[in-house]
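> The following block contains the structure, expressed as structure tokens.
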Amino acid sequence: MTDVSREAGHDIETPIHLLRRFGIEVLIAHRKSAVVEMRMPLADMGNPFTNLPTVGPLGVLIDAVSGLSNRFRHRDTEWTVSTELASN
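In this note's numbering, the protein residues as written are 1432 to 1519.
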């Protein structure tokens, strides 16, 4: 697993507590190529109201991957814009 902590020189956009809560693991985080690979278990996730399987939390994974990749593409002095803020 790649270390993406602040101590490793990365300013990860997704708070670490969210990564832990959803079981997201960072497999690849290559700053130079902006390639990011993460995984998250979906098998046990379900809608709490219907008890049916859900892929709703998949949005958290997509946001985490794209946010970190986007962060790698910018200089340290630039601020990245989240899709939530840009789509309104």
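Where is the CB? At the ideal position from N, CA and C, for every residue including glycine.
These figures come from a predicted structure and were not determined experimentally.
From H1461 to V1467, what distance separates their C-alpha atoms?
So the alpha carbons of these two residues sit roughly 6 Å apart.
> Can you give me the Cβ contacts of F1503 inside the same chain, cut-off strictly under 7 Å, excluding the 5 residues immediately before and after it?
If we look at F1503 and ignore the five residues flanking it on each side, its Cβ neighbours are R1462 and A1465.
> Looking only at DSSP bridge pairs, what is M1469 linked to?
M1469 is bridged to V1457.
> Comparing alpha-carbon positions, which option in P1488, D1507, E1509 and S1500 lies nearest R1451?
If we check each option's Cα against that of R1451, P1488 comes out closest.
> Taking M1469 and G1454 to be in contact with their CB atoms under 8 Å, please state how far apart those CB atoms are, rounded to whole angstroms.
Their Cβ separation, rounded to whole angstroms, is 10 Å, which puts M1469 and G1454 out of contact at 8 Å.
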